[in-house]
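>
Protein chains in written order, with the working numbering: chain A, 4 to 258; chain B, 39 to 232.
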């Protein structure tokens, strides 16, 4: 991801003049114009990758803000939508959203308060999924602190840039520890991840959802499941954030 | 951070909170203030700075790791804080309380899966207190009138308030139907009054 950001910054620094000034005086032929067109196309793509998601906000009632945005980078795994009540933050994540979601309503807001919003893509490939079906035991004796997010030493140290397919966590294993508890462990192959996301898809659900947000270098955690998760698919993702969108703000009314 | 044994409890007395760094919400004018607090560790409760842990799965008795702030008796008070549940093998753990000196008043609790609920009444306040994610809490207490709770900026709970003496608490506290273990990290705690 760092490589991607660096690429974007370089591409932006080398951006071509605005349309209308591009070919003037170039004296080039069809080949030059072709290269120019390719360059502009690449720059447009890079602009999208740079986080050119345009976020807009509308106060649809005195205390409800509707947020909309253009589709972002299709390479992103998803977006996080964040809010703050001061221009410089502190920003808090409202939701992890699928890449194709382009609207969100923040309801019943604190009156007479200015809300700031921004959207950030996150990148990273997920591990191969594992299927977990909870049974009736018996269960192996779990390690102490089996549910605590932690780094189990001794594994290979990840050295790949997060966001690349090769840096996806590997060897995800799930062990049922009790009637409603599952312990997870995996191999962290990313060097520069900003965290890991444990995701699940209960049987009958169409999509995965984030069920735990974990710190960098964590490679083990346990989860107490919900009744609807007796049969579910799990996967884990090492991720990095991309650049955030424009910041929008709206001030709520009297409620 | 065991400081002073007091009848089975552990308390660090009259420690001033840091001055508020954030801006309050709702209409002001608000004045930042720094109420004193004591640290309460009972049963398997353990407090380290702003990390609150219940280390056992005991489903009975007094299991708590909390800060108990100074009592107030009038006016309007605002609390702001951010919590992050880093581990929750247990369930039904109270995270934030506005306590009346004569008994419980408002208790925000979490159960497995991240559902936030009001202990008295059991109503769902919000979902999404997923392990590892940070949740912002603002409470506005107009003594003798109302108590409002905002989760991530949204009004999620309103209850009428009698007059009297109250205090804020936060941390990890086993409710009557709950049990640990649990680890909760709080941050950026602020108080205002008007």
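Where is the CB? At the ideal position from N, CA and C, for every residue including glycine. Everything numeric in this text was worked out from a predicted model, so none of it was measured.
Determine, using beta carbons only, whether residue 231 (chain B) comes closer than 8 angstroms to chain A.
no
> Of the residues that make up the segment 57–90 of chain B, which ones have a beta carbon closer than 8 angstroms to any beta carbon in chain A?
Per Cβ criterion, the list reads 60, 61, 63, 64, 65.
> Evaluate the contact criterion for the segment 148–158 of chain A versus the segment 98–108 of chain A: three or more CB pairs, one atom per stretch, below 8 angstroms.
no
> Does residue 227 (chain A) get closer than 8 angstroms to chain B when you measure Cβ to Cβ?
yes
> Quick one: residues in its chain with C-beta nearer than 6 angstroms to the C-beta of residue 234 (chain A), no 5 flanking neighbours on either side, listed in chain order?
136, 206
> By a C-beta neighbour count over all protein chains shown, 10 Å radius and 16 as the cutoff for buried, is residue 176 (chain B) buried or exposed?
Under this definition residue 176 (chain B) is a buried residue.
> Return yes when the Cβ of residue 177 (chain A) is within less than 8 angstroms of the Cβ of residue 185 (chain A), no when it is not.
yes
> Going by beta carbon distance, what residues of the same chain come within less than 6 angstroms of residue 192 (chain B), once the five residues before and after it are set aside?
none
> So residue 190 (chain A) is in the beta strand (DSSP E); what residue range does that whole segment cover?
184–190
> Do you know how far the Cα of residue 200 (chain B) is from the Cα of residue 139 (chain B)?
12 angstroms
> When you compare only the Cα positions, how much space is there between residue 136 (chain B) and residue 106 (chain B)?
10 angstroms
> Considering only residues of the same chain and omitting the five flanking positions on each side of residue 178 (chain B), which have a CB-CB separation below 6 angstroms?
64, 116, 186
> What is the DSSP secondary structure of residue 230 (chain A), counted as helix, strand or coil?
Helix, per DSSP.
> Given a cut-off of 8 angstroms, decide if residue 161 (chain B) and residue 153 (chain B) are closer than it, judged by their beta-carbon atoms.
No, Cβ-Cβ distance for residue 153 (chain B) and residue 161 (chain B) is not below 8 angstroms.
> Hey, out of A:214, A:112, A:142, A:85, whose CA is closest to residue 123 (chain A)'s CA?
Ranking A:214, A:112, A:142, A:85 by Cα distance to residue 123 (chain A) puts A:85 first.
> What does residue 152 (chain A) reach in chain B if we use C-beta pairs closer than 8 angstroms?
124, 125, 169, 170
> From what residue to what residue does the beta strand (DSSP E) around residue 203 (chain A) run?
198–205
> For residue 28 (chain A), collect the residues of the same chain with a Cβ closer than 7 angstroms to its Cβ; drop the 5 residues on either side in sequence, then sort them by chain order.
Residue confidence for residue 28 (chain A) is low, a pLDDT of 31 falling below 50, so the modelled location carries little weight; the figure read from the coordinates is stated next. So the list is empty, once near-sequence residues are dropped.
> Comparing alpha-carbon positions, which option in B:87, B:74, B:119, B:94 lies nearest residue 15 (chain B)?
There is no way to answer for residue 15 (chain B), as the model of chain B reaches only from 39 to 232.
> Would you call residue 126 (chain B) buried or exposed, if buried means 16 or more other Cβ atoms sit within 10 Å of its Cβ?
buried
> For the segment 172–197 of chain B, list every residue whose C-beta sits within 7 angstroms of some C-beta in chain A, in sequence order.
Taking 7 angstroms as the Cβ-Cβ cut-off against chain A, the residues of the segment 172–197 of chain B that qualify are 172, 174, 176, 188, 190, 191, 192, 193.
> 8 angstroms is my cut-off, CB to CB: does residue 215 (chain A) come that close to chain B?
yes
> Return the CA-CA distance between residue 114 (chain A) and residue 68 (chain A), expressed in angstroms with no decimal places.
Residue 114 (chain A) and residue 68 (chain A): Cα-Cα distance of roughly 12 angstroms.
> Using the three-state DSSP reduction, which class does residue 168 (chain A) fall into: helix, strand or coil?
helix
> From residue 222 (chain B) to residue 88 (chain B), what does the alpha carbon distance come to, in whole angstroms?
8 angstroms
> Which word fits residue 217 (chain B), buried or exposed, when buried means at least 16 other C-beta atoms lie within 10 angstroms of its C-beta?
buried
> For residue 247 (chain A), decide whether its Cβ has a neighbour in chain B, counting only Cβ atoms nearer than 8 angstroms.
no
> Does any residue of chain A bring its CB to less than 8 angstroms from the CB of residue 212 (chain B)?
no
> For the putative contact between residue 102 (chain B) and residue 211 (chain B), defined by C-beta atoms under 8 angstroms, what is the C-beta separation to the nearest angstrom?
4 angstroms
> Between which residues of its own chain and residue 90 (chain A) is the CB-CB distance below 7 angstroms, once the five residues before and five after are set aside?
Cβ neighbours of residue 90 (chain A) beyond the five flanking positions: 119.
> For residue 93 (chain A), decide whether its Cβ has a neighbour in chain B, counting only Cβ atoms nearer than 8 angstroms.
Output row for residue 93 (chain A): interface = yes.
> What separation, rounded to the nearest whole angstrom, lies between the Cα atoms of residue 236 (chain B) and residue 121 (chain B)?
This structure gives no information on residue 236 (chain B), because the portion of chain B shown stretches from 39 to 232.
> Taking 8 angstroms as the CB-CB cut-off, is residue 150 (chain B) touching chain A?
Judged by the 8 angstroms Cβ criterion, residue 150 (chain B) is in contact with chain A.
> What residues from chain B crowd round residue 111 (chain A), counting only those whose CB sits closer than 7 angstroms?
192, 193
> Compare the C-alpha of residue 173 (chain B) against each of A:129, A:87, A:179 and name the closest.
Distances from the CA of residue 173 (chain B) to each of A:129, A:87, A:179 were compared; the closest alpha carbon is that of A:87.
> Under 6 angstroms Cβ to Cβ from residue 281 (chain A), same chain only, skipping five residues before and after it: list those, please.
Nothing about residue 281 (chain A) can be read from this structure; chain A reaches only from 4 to 258.
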